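Here the structure is laid out as structure tokens; the discussion comes afterwards.
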Amino acid sequence: MSDSSAPQKKERFAPKQLVNLAPPKDDVITRDYLAKCDGTNGGFPTLVAIKGDVFDVSGKDTYAPGKNYHVFTGKEPNRALGLSSLEPKDCISDYSGLAEDKLQVLNDWHTFFSKRYNIVGRLQSENNASL
Ligand code: HEM
């Protein structure tokens with residue numbers, strides 16, 4: 001007998017409302033392009049990169065200019081996410097030296113974003129400026 005009354009196990013960080021996500025893209029997105037995508041340039045999407053994946057957060061109000069999480073846009077704020085910091089100086093790709101628990105926080109944010117926002121590309125690596 002099937003147990004249809006059993007509560008479904010809640011997936012970690014799943015959004016309350018179902019989000020229809022497109023398949024992740026792996027086109028390379030340059031750091032110059034990413035920097036333009038902070039919501040202040042008409043015609044460009046609003047992007048946040050985490051651990052190389054570039055998420056499209058266009059249309060989500062909390063990332064708009066003047067809003068709480070605007071500081072993350074057009075950047076790859078790995079360190080800030082790991083440290084639970086909103087300081088612009090922490091909104092950088094380099095997360096070397098973070099303790100294990102902070103690395104887990106960063107990974108949790110990656111999971112959170114990947115359940116809500118489309119991945120529109122992979123960020124150009126920091127040491128390959130010619131890409
Ligand atoms: C007093 C401190 C804070 C409060 C009260 C707070 C509150 C909230 C609330 C209510 C949301 C859900 C908002 C929404 O769905 O629009 C949220 C989301 C979020 N918070 Fe905070 N937060 C705080 C600090 C921080 C800090 C320090 C960080 C730095 C990592 C942070 C990063 C985020 C991020 C990335 C989201 C996800 C936004 C999304 O895409 O839905 N928050 N916060």
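In UniProt numbering, the protein residues as written are 1 to 131. Even for Gly, the Cβ is constructed at its ideal location relative to N, Cα and C. Remember, predicted model here, so these are calculated numbers, not experimental data.
- In the pairwise beta carbon analysis, the region 50-65 is classified as touching the region 99-118: at least three pairs are separated by under 8 Å.
- VAL48 and GLY74 have their C-alpha atoms roughly 6 Å apart.
- For THR62, the shortest separation between its Cβ and any heavy atom of the ligand HEM lies below 7 Å.
- Note on GLN124: 16 or more other CB atoms within 10 angstroms of its CB, so buried under the neighbour-count rule.
- Judged by the Cβ position, ALA22 fails to qualify as a neighbour of the ligand HEM at the 7 Å threshold, every heavy atom of the ligand being at least this far.
- For VAL120, the closest C-alpha among the options PRO45, LYS67, LEU83, HIS70 is that of PRO45.
- Closer than 7 Å to some heavy atom of the ligand HEM: that does not describe the Cβ of LEU106.
- In the three-state reduction of the DSSP assignment, ARG116 falls in the coil class, being assigned neither a helical nor a strand state.
- When distances are taken from the beta-carbon of ALA80 to the heavy atoms of the ligand HEM, the shortest one is below 7 Å.
- Where ASP56 is concerned, there is no enclosing alpha helix (DSSP H), although the beta strand (DSSP E) around it starts and stops at 53-56.
- If you draw a straight line from the Cα of TYR95 to the Cα of LEU103, it is about 8 Å long.
- Under the three-state reduction of DSSP output, LYS102 falls in the helix class.
- Judged by DSSP secondary structure, LEU83 falls within the alpha helix (DSSP H) whose first and last residues are 78-83.
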